[in-house]
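In this note's numbering, the protein residues as written are 12 to 143.
Every residue gets a Cβ at the ideal spot worked out from N, C-alpha and C, and that includes glycine.
Just below is one structure, and these are the notes that go with it.
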């Protein structure tokens with residue numbers, strides 16, 4: 012079912028947001044990947060997801076503060092996900108005129124992307140936000 016929500020959302024169908032949020036909100040390990048999907052779609056289709064970001068503000072801000080261990084994933088994978096997540100959040104907030112949040116996530120992204128040599132991704136994203 013979750014794949015259906017994500018596919019519809021990534022196709023621009025915002026009507027699935029309430030069901031998608033209800034699905035992942037009780038699954039702690041799914042919150043950040045789901046927020047990443049939501050922000051990606053919001054940037055692509057100019058959706059207002061402020062209420063969702065506010066609801067999960069604590070989880071989102073925890074990303075900036077925690078030093079995750081690699082676990083089953085490589086450190087590079089985690090860094091690349093972090094870079095994508097913070098880039099999308101920066102783009103979202105800057106487009107909405109919420110500059111303090113936008114710059115906070117932008118600076119965090121720049122800091123994390125530098126050690127993994129992923130600055131090119133960040134630059135591409137800001138000049139062509141729909142590139143992969």
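Within-8 angstroms CB hit, residue i to chain D
{"i": "residue 29", "result": "Of the chains in the structure shown, none is chain D; there is only one protein chain."}
Delimiting residues of the alpha helix (DSSP H) encompassing residue i
{"i": "residue 65", "result": "61-66"}
{"i": "residue 109", "result": "From DSSP, residue 109 is part of no alpha helix (DSSP H); its letter is neither H nor E."}
{"i": "residue 21", "result": "13-21"}
{"i": "residue 53", "result": "39-56"}
{"i": "residue 24", "result": "It is not in any alpha helix (DSSP H) - residue 24 carries neither H nor E in the DSSP assignment."}
Beta-carbon proximity list for residue i, same chain, < 8 angstroms, skipping 5 on both sides
{"i": "residue 43", "result": "70, 71, 74, 96"}
{"i": "residue 83", "result": "Interpretation of residue 83 is limited by its pLDDT of 46, a score under 50 that renders its predicted location unreliable; the figure taken from the coordinates is listed afterwards. So the list is empty, once near-sequence residues are dropped."}
{"i": "residue 56", "result": "23, 25"}
Contact set for residue i: own chain, Cβ-Cβ below 6 angstroms, skip 5 residues either direction
{"i": "residue 113", "result": "101, 104, 105"}
{"i": "residue 45", "result": "35"}
Nonlocal neighbours in the same chain, by C-beta distance under 7 angstroms from residue i, ignoring five residues either side
{"i": "residue 53", "result": "60, 103"}
{"i": "residue 14", "result": "none"}
{"i": "residue 143", "result": "Caution applies to residue 143, whose pLDDT of 48 falls short of 50 and renders its modelled position unreliable; the value that the coordinates give is listed next. Cβ neighbours of residue 143 beyond the five flanking positions: none."}
Whole-number beta carbon distance between residue j and residue i, since they are thought to touch under 8 angstroms
{"i": "residue 27", "j": "residue 38", "result": "16 angstroms between Cβ atoms; not a contact."}
{"i": "residue 33", "j": "residue 58", "result": "With a Cβ gap of about 17 angstroms, residue 33 and residue 58 do not count as contacting."}
{"i": "residue 94", "j": "residue 123", "result": "6 angstroms"}
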